[in-house]
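A.B. asks: Before I ask anything, here is the structure I am working with.
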Amino acid sequence: MSDDQIKDILKNSKTIAMVGVSSEKKGEDPKNLKRKPANVVMKYMQDFGYRVIPVNPFAEGEIINGEKVIGSLEKISESIDIVDIFRPSKETPGIANEAVKIGSKVLWLQYGIQNEEAEKIAENSNIQYVSNKCIKQEYQRLFQKANPVFPVLKN
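What follows is the structure, encoded as structure tokens:
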């Protein structure tokens with residue numbers, strides 16, 4: 115997928131369903147939660163104006179970064195532009211099928227995640243497919259270096 119295609123996806127998307135956002139484990143330091151990759155990416159995308167809905171069946175009903183965790187994609191009542199996956203590659207075909215059912219425009223597999231079957235499911239349903247790329251890193255690379263749309267955040 116070209117930079118221009120990714121730029122278009124990020125420009126024309128408002129709502130992201132993030133599958134695999136971590137919930138707090140019992141006895142875990144809450145600071146650890148803020149450092150987990152999916153949670154860091156969720157917060158970052160929120161800071162840049164995206165609505166990010168966390169999806170995690172084991173944390174349904176909890177609040178993460180101000181959003182209520184939904185148990186599955188099919189339980190989300192609003193339209194979703196991007197389904198962003200932080201789960202092992204082998205789980206992605208099932209998630210791809212759910213993304214098709216809810217009418218997502220984009221299936222995005224985070225850095226280190228790719229799956230041919232998920233790609234075929236997306237392509238057969240005219241869903242754009244991005245894999246092995248971090249949505250946060252792509253946003254930073256495409257929008258903040260060349261032409262920052264928003265003030266640069268200090269981490």
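Position 41, counted from 1, in the sequence shown is what our numbering calls 155; the numbers after and before it change by one each time, with no gaps.
We put the CB at the ideal spot given by N, CA and C, even for glycine.
DSSP on valine 96, reduced to helix/strand/coil?
C.D. replies: Any question about residue 96 goes unanswered here, given that the chain covers just 115 to 269.
A.B. asks: Any idea if asparagine 153 is buried or exposed, counting beta-carbon neighbours within 10 angstroms, 16 or more meaning buried?
C.D. replies: buried
A.B. asks: Would you kindly check if the distance between the Cβ of lysine 250 and the Cβ of tyrosine 158 is under 9 Å?
C.D. replies: yes
A.B. asks: Would you mind listing the alpha helix (DSSP H) stretches within the segment 153–199 that are 4+ residues and don't spill past its ends, in chain order?
C.D. replies: none
A.B. asks: Pair every Cβ in the segment 201–218 with every Cβ in the segment 176–183, then say whether three or more of these pairs are closer than 8 Å.
C.D. replies: The way I'd put it, the segment 201–218 doesn't touch the segment 176–183; fewer than three beta-carbon pairs between them come closer than 8 Å.
A.B. asks: Do valine 197 and serine 137 have their CB atoms nearer than 9 Å?
C.D. replies: no
A.B. asks: For proline 262, count the other beta carbons within 10 Å of its own beta carbon; 16 or more makes it buried, fewer makes it exposed. Which is it?
C.D. replies: In this predicted model, proline 262 has a pLDDT of only 44, less than 50, meaning its place in the structure is not dependable enough to derive any value.
A.B. asks: Could you tell me whether the segment 162–169 touches the segment 213–229, where touching means 3 or more Cβ pairs closer than 8 Å?
C.D. replies: no
A.B. asks: Which of helix, strand or coil does DSSP assign to glutamine 251?
C.D. replies: The three-state reading of DSSP puts glutamine 251 in helix, counting H, G and I together.
A.B. asks: Anyone know if the C-beta pair for aspartate 195 and lysine 128 falls short of 9 Å?
C.D. replies: yes
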